[in-house]
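For the sequence shown, our numbering assigns the number -13 to the initial residue and increments by one for each residue that follows.
In this text, a Cβ means the ideal position worked out from N, Cα and C, and glycines have one as well.
Just so you know, these numbers come straight off a predicted model, no measurement behind them.
Scroll down for the structure; my scribbles are underneath it.
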Amino acid sequence: MAGLIKRLTKYGNSLALVLDRPVLNLLGIDDDTPLEITTPDGKSPEFAREAILAFTRVRDLVVDPFTGGGTAVAEAISLGRRAAGIDISSLATFLTRVKTTPLSSRDVDMVLEWAKQLPPAANFNNIGCRALEPNDLSVRHLSRDAVIFFRGLLDQIRQIPNLRQQRFVRLILLATGQAALDCKMDAPTLENLLGDFHTTLRSAVSEFRAYWRDVAAAHAVPPSRLTQFRRIVNRCSSGSDVDKRIPREWLPARLIVTSPPYPGVHVLYHRWQISGRRETPAAFWITNQHDGAGESYYTFGPRQQPGLTRYFAQLRSTFTSIRGFLSARSLVVQLVGFSKPEWQLPVYLRTMKEAGFEELMPLCDRGALHQRRVWRPVPSRRWYACIDREVQSSREVLLLHRLAG
Ligand SMILES: C[S@@+](CC[C@H](N)C(=O)[O-])C[C@H]1O[C@@H](n2cnc3c(N)ncnc32)[C@H](O)[C@@H]1O
């Protein structure tokens, strides 16, 4: 991996960051569009992984202050780094925590054994309809089959004795429901949902086993001790620098790798959108999390607000706190999308400056150096949130910052 390492260099009066050719290639930049980042498979994990490999060493702390689905935290610990993930959404921290909690062989056996004993779809009608309250908001807009499926499985999950195993199964249930319902027009049948659940469970178990083998090897400790290398905190990132749950002795963070909420962009972080634009809070119910807030709570404020003043105030406040994690040698790497980049990007950059950061402009090394920001189409990477057409057609920019001198 040594070939991927960037270098810092003098460029005019400023310090610039050179992304070497292998890094550009890994980010998917091809020779015909030298300054565009594209990811051929539309996934983002490689990006967080490459940033962590390029800019940190083993045992360094990596922080994602807007952790979402937890990709950066999961990648960091799989590479032998320490990781802290912060998110205001209890759904996001649930996901990150469960994805980064190892299961023992016994846990896996128990879960698979439990799944084998599940009743067939025909018998779910009885279990799933039990205690069905007609006005229950948790199941709003879900089809009858979907309600019976989720209710039936949530009822069965209670038979699993161990909380860690139960949470893992909730994660699989969430992934199954999201794949089958979120942003979909057609309502799947109960049989299909149950079949998808069994398939997702089997493949998740083998992926999980392989992942934890790698993590244990990277940290050279038994899997049961691996959670000591990560902290996941459910809170606003403003003020998180003084939160005692992130050990002081881990600081400073070497790298912040993140995607904050995007200015003016409609992304639902807390709802599934089904059969068109009908929203359901079912994800909170499935994961047993509290859903106490509306959309603007998760997006730095309402996206229709002229000038997005609340958005930029939140950005300033969170990044002012993020400073507290950093030293002069730390790097902040962000991917950010915009609904109207022509005015929002300059304001975004000004806000980062006000929060105490200096931008490092990437130099793309292709024989001759090009100094420009690099962009890529937004991949549809949020597996629990719906991204509408407005976002899919837009691009996100790679921003690099360090503390202002
Ligand atoms: C763009 S998403 C992060 C996506 C993530 N990088 C991924 O790949 O899944 C932004 C996240 O920021 C969280 N968020 C919004 N406001 C926040 C705040 N003030 N503090 C911490 N997290 C916040 C949202 O809940 C959401 O999960």
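What are the start and end residues of the alpha helix (DSSP H) that includes residue i?
i      : result
Gln290 : Premise fails: Gln290 is in no alpha helix (DSSP H) and is neither H nor E.
Arg221 : Here Arg221 belongs to no alpha helix (DSSP H), and DSSP marks it neither H nor E.
Leu98  : 91 to 102
Would DSSP call residue i helix, strand or coil?
i      : result
Ile232 : coil
Arg195 : helix
Leu21  : With a pLDDT of 35 at Leu21, under the threshold of 50, the modelled position of that residue is not reliable, and no figure is offered here.
Leu68  : The amino acid occupying residue 68 in the given sequence is Arg; Leu does not appear at that position. Reduced to three states, the DSSP call for Arg68 is strand.
Asp172 : coil
Ser261 : coil
Ile242 : strand
Phe343 : strand
Ile74  : coil
Asp50  : strand
Gly323 : strand
Pro26  : Low per-residue confidence applies at Pro26: pLDDT is 38, beneath 50, and the placement is therefore not dependable, though the value from the model is reported in the following sentence. The answer is coil: DSSP assigns Pro26 none of H, G, I, E or B.
Ala206 : coil
Val44  : coil
Val360 : strand
Leu13  : Low confidence applies here, because Leu13 scores a pLDDT of 48, under 50, leaving its location unreliable and the question unanswered by this model.
Val251 : coil
Thr337 : helix
Thr87  : coil
Leu237 : coil
Trp369 : Annotation note: pLDDT 35 at Trp369 (below 50); position unreliable, no value reported.
Thr82  : helix
Pro267 : coil
Pro8   : Reliability fails at Pro8, whose pLDDT of 49 lies under 50, so the model's placement of it is uncertain and the value that follows must be treated cautiously. Three-state DSSP puts Pro8 in a helix.
Ile348 : Per the sequence presented here, residue 348 reads as Pro, with Ile not at that position. Strand, per DSSP.
Just to confirm before moving on: does the CB-CB distance between residue i and residue j stay below 9 angstroms?
i      : j      : result
Ile272 : Leu140 : yes
Met338 : Leu384 : no
Asp50  : Val44  : no
Val97  : Phe154 : yes
Ser344 : Leu389 : Going by the sequence as given, residue 344 is Glu instead of Ser. In this structure, Leu389 lies closer than 9 angstroms to Glu344 by Cβ.
Thr42  : Arg240 : yes
Leu212 : Phe311 : no
Phe298 : Pro247 : no
Gly71  : Arg216 : yes
Ala341 : Gly391 : no
Leu317 : His387 : yes
Val125 : Phe110 : no
Phe270 : Leu77  : yes
Smallest Cα separation from residue i: which of the options?
i      : options                        : result
Val219 : Glu99, Thr53, Leu386           : Thr53
Thr266 : Glu382, Asn148, Ala40, Lys170  : Lys170
Gln472 : Asp93, Ala166, Thr185          : This structure cannot settle anything about residue 472, because the visible part of the chain is limited to -13 through 391.
Ser325 : Val319, Tyr334, Val318, Ala40  : Tyr334
Ala204 : Ser64, Glu382, Trp361          : Ser64
Val48  : Gly55, Glu36, Ala37, Arg68     : Arg68
Phe336 : Val253, Asn274, Thr295, Thr244 : Looking at the sequence itself, residue 336 is Arg, so the reference to Phe does not match. It is Thr295 whose Cα lies nearest to the Cα of Arg336.
Ser75  : Gln291, Gln275, Ala166         : Gln275
Glu99  : Arg199, Gln145, Gln290, Pro249 : Gln145
Leu180 : Pro332, Leu77, Gln103          : Gln103
Ala108 : Pro292, Leu157, Thr175         : Thr175
Cys222 : Phe183, Ser261, Thr306         : Thr306
Leu321 : Ile242, Pro106, Ala173         : Ile242
Ala279 : His256, Arg263, Ser261         : His256
Trp258 : Gln330, Leu386, Asp73, Leu167  : Leu167
Val228 : Ala62, Pro106, Arg309          : Arg309
Ser90  : Ala269, Ala196, Arg126         : Ala196
Gly160 : Val364, Ile143, Pro292, Val207 : One point to set straight first is that residue 160 is Leu, not Gly, in the sequence displayed. Taking only the C-alpha atoms, the option nearest Leu160 is Ile143.
Pro209 : Ala173, Ala165, Gly66, Ile134  : Gly66
Trp329 : Arg150, Asp277, Gly250         : Gly250
Phe194 : Ala37, Pro88, Leu77, Thr57     : Pro88
Asp172 : Leu39, Ser261, Tyr283          : Ser261
Pro327 : Ser224, Arg359, Ser303         : Arg359
Gln164 : Asp182, Arg150, Asn148, Leu149 : Asp182
On the DSSP letters alone, give me the boundaries of the beta strand (DSSP E) that residue i sits inside.
i      : result
Glu382 : 381 to 389
Gln275 : Careful: Gln275 lies outside any beta strand (DSSP E) and carries neither H nor E.
Arg296 : Where Arg296 is concerned, there is no enclosing beta strand (DSSP E), although the alpha helix (DSSP H) it sits in stretches over 295 to 308.
Comparing the C-beta of residue i with each C-beta of chain B, is any distance below 9 angstroms?
i      : result
Gln259 : Although the question refers to chain B, the structure presented lacks it and comprises just one protein chain.
Can residue i be considered in contact with ligand 2, in the sense that its beta carbon sits closer than 8 angstroms to one or more heavy atoms?
i      : result
Tyr284 : This structure does not include ligand 2; its bound ligands are ligand 1.
Starting from the N-terminal side, write out each stretch of the alpha helix (DSSP H) that is 4 residues or longer and does not extend beyond the segment 122 to 166.
130 to 143
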